[in-house]
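Residue 420 in the numbering used here sits at position 133 of the sequence shown, and the numbers go up by one each step.
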Amino acid sequence: MSSATVFAVFAVAFIASAVFYLFFYRSWRRERELQQPFPQAWRKHLRSTVPLYRQLPKQLQKTLEKQVQLFLAEKNFYGCDGFEVNDRVRVAIAGHACLLTLMRSYADYNEVRSILVYPDVYRVEASERDGMVVGVSNQVRAGEASSLGQVVLAWAECESGAMQPGTAHNVILHEFAHQLDYLDGTADGAPPLSGEQADEWQQTMTIAYDNLRHSLRHRRKSWLDPYGATKPAEFFAVLTETFYQQPQHLKDQQPAVYDLLSDFYRIDPGELIQH
Numbered sequence: 288m289s290s291a292t293v294f295a296v297f298a299v300a301f302i303a304s305a306v307f308y309l310f311f312y313r314s315w316r317r318e319r320e321l322q323q324p325f326p327q328a329w330r331k332h333l334r335s336t337v338p339l340y341r342q343l344p345k346q347l348q349k350t351l352e353k354q355v356q357l358f359l360a361e362k363n364f365y366g367c368d369g370f371e372v373n374d375r376v377r378v379a380i381a382g383h384a385c386l387l388t389l390m391r392s393y394a395d396y397n398e399v400r401s402i403l404v405y406p407d408v409y410r411v412e413a414s415e416r417d418g419m420v421v422g423v424s425n426q427v428r429a430g431e432a433s434s435l436g437q438v439v440l441a442w443a444e445c446e447s448g449a450m451q452p453g454t455a456h457n458v459i460l461h462e463f464a465h466q467l468d469y470l471d472g473t474a475d476g477a478p479p480l481s482g483e484q485a486d487e488w489q490q491t492m493t494i495a496y497d498n499l500r501h502s503l504r505h506r507r508k509s510w511l512d513p514y515g516a517t518k519p520a521e522f523f524a525v526l527t528e529t530f531y532q533q534p535q536h537l538k539d540q541q542p543a544v545y546d547l548l549s550d551f552y553r554i555d556p557g558e559l560i561q562h
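In structure tokens:
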């Protein structure tokens with residue numbers, strides 16, 4: 288047997304093993320995990336830290352619980368700067384993250400591996416380019432997402448959004464929206480879409496984005512957090528926050544955008560809140 292043939296055999300075996308893990312072993316582990324009862328203490332944490340959970344129909348509450356259960360079993364949480372990540376913190380983060388996949392697929396988070404939690408906003412050094420000149424700036428952040436499967440969050444900011452559902456900001460929703468945006472390989476404000484849905488998204492979101500930037504340039508009152516005007520990826524993440532936190536406001540201001548997000552997330556939070 289030639290070396291090329293041996294290599295081909297090993298390559299096929301490797302691919303077969305990877306396919307087995309991705310489609311069978313992972314499913315088996317998840318089914319086994321879901322055979323365990325959902326802890327009552329976690330349910331109490333969901334009620335206290337994920338306000339929308341309380342307004343979901345019973346069946347959707349169960350769906351969210353199952354996703355949270357898988358999320359907590361599969362993702363690694365790390366406390367930073369001495370912060371202790373307890374069950375309340377973990378459930379709050381998992382609960383809000385899984386609102387985004389509640390009617391989609393939990394598999395959207397397959398590549399998310401770790402969540403780093405700081406007690407409060409944190410400082411990072413970031414490189415900045417101005418033409419041919421590259422500098423370093425010291426930035427204060429409340430969270431960030433990575434295409435490498437890592438999410439960083441500041442708990443004080445997370446807790447503020449969780450405990451005040453009617454406010455515009457929710458850093459957990461924001462950063463996990465970025466993770467959905469990364470599903471097609473890059474965070475560009477357009478998550479994986481195809482056909483007419485992709486065309487409609489491109490047209491509607493471009494008009495809304497330009498409208499926001501125009502309002503800010505002319506010092507008018509913004510219909511969305513101005514941070515959404517920095518780039519399309521932030522526009523999508525900020526829209527996601529508003530969609531879940533202030534659905535009626537977004538529906539009133541940008542009904543076409545609201546409908547697109549409702550189609551993408553396959554849920555209408557405005558209807559849930561009314562009931």
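A virtual CB, placed ideally from N, CA and C, is assigned to each residue, including glycine.
Keep in mind that this is a model prediction, so the values were computed, not measured.
Query                                                                                                                                                                  : Result
Under 8 Å Cβ to Cβ from P452, same chain only, skipping five residues before and after it: list those, please.                                                         : P338, L339, Q532
Just checking my contact of V372 with V404 at CB under 8 Å: how many whole Å lie between their CB atoms?                                                               : 5 Å
Would you tell me roughly how many angstroms separate the C-alpha atoms of I560 and L386, rounded to the nearest one?                                                  : 14 Å
With a cut-off of 8 Å on the beta carbons, I'd call A477 and H465 a contact; round off their distance for me.                                                          : That belief does not hold up - the Cβ atoms of A477 and H465 are roughly 12 Å apart, past 8 Å.
Does the contact criterion of 3 or more C-beta pairs under 8 Å hold for the region 378-393 versus the region 343-363?                                                  : yes
Just the Cα atoms here: how many angstroms apart are Y312 and E318?                                                                                                    : 10 Å
Just to confirm my understanding: we take V293, look at its own chain, exclude 5 residues before and 5 after, and list those with CB closer than 8 Å. What are they?   : For V293, the predicted model reports a pLDDT of 48, less than 50, meaning its position is unreliable and no value from the coordinates is stated.
From W488 to Q327, what does the alpha carbon distance come to, in whole angstroms?                                                                                    : 40 Å
Compare the C-alpha of G369 against each of W442, Q535, Y552, F551 and name the closest.                                                                               : W442
Specify the secondary structure class of A520 as computed by DSSP and reduced to three states.                                                                         : helix
For M450, count the other beta carbons within 10 Å of its own beta carbon; 16 or more makes it buried, fewer makes it exposed. Which is it?                            : exposed
Is the beta carbon of A429 less than 8 Å from the beta carbon of V458?                                                                                                 : yes
Could you please give the first and the last residue of the uninterrupted alpha helix (DSSP H) stretch that includes F564?                                             : Absent from the structure is residue 564, since the part of the chain shown begins at 288 and ends at 562.
Using the beta-carbon count (16 or more within 10 Å), is Y494 buried or exposed?                                                                                       : The sequence given here places Ile at residue 494; Tyr does not occur at that position. Exposed: under 16 other Cβ atoms inside 10 Å.
Given this structure, state the Cα-to-Cα distance separating E446 from T336, to the nearest angstrom.                                                                  : 8 Å
Check R428 in the structure and name its three-state DSSP category.                                                                                                    : strand
Using the C-alpha atoms, what's the distance from Y545 back to F530?                                                                                                   : 7 Å
Does the beta-carbon of R538 have 16 or more other beta-carbons within 10 angstroms, so that it is buried, or is it exposed?                                           : Per the sequence shown, residue 538 should be read as Lys rather than Arg. By the neighbour-count rule (16 or more Cβ atoms within 10 Å), K538 is buried.
By the three-class DSSP mapping on this structure, what secondary structure does A441 have?                                                                            : strand
What are the partner residues of Y409, as DSSP defines its beta bridges?                                                                                               : R428
Mind checking whether A455 and E558 have CB atoms under 8 Å apart?                                                                                                     : no
Just the Cα atoms here: how many angstroms apart are Y552 and T388?                                                                                                    : 7 Å
Evaluate L435 with the Cβ neighbour count: other Cβ atoms within 10 Å of its Cβ, from every protein chain shown; 16 or more gives buried, anything less gives exposed. : exposed
Just checking my contact of K362 with R400 at CB under 8 Å: how many whole Å lie between their CB atoms?                                                               : 7 Å
Quick check: what's the CA-CA separation for D395 versus L470?                                                                                                         : 7 Å
Among E398, S502, P324, which one has its Cα closest to the Cα of F463?                                                                                                : E398
State yes or no: is the C-beta of A506 within less than 8 Å of the C-beta of A516?                                                                                     : Reading off the sequence shown, one finds Arg at residue 506, where the question assumed Ala. No, they are not a contact pair.
So what does DSSP say about N498, is it helix, strand or coil?                                                                                                         : helix
Hey, how far is the Cα of D497 from the Cα of P542?                                                                                                                    : 16 Å
According to DSSP, is F364 part of a helix, a strand, or is it coil?                                                                                                   : strand
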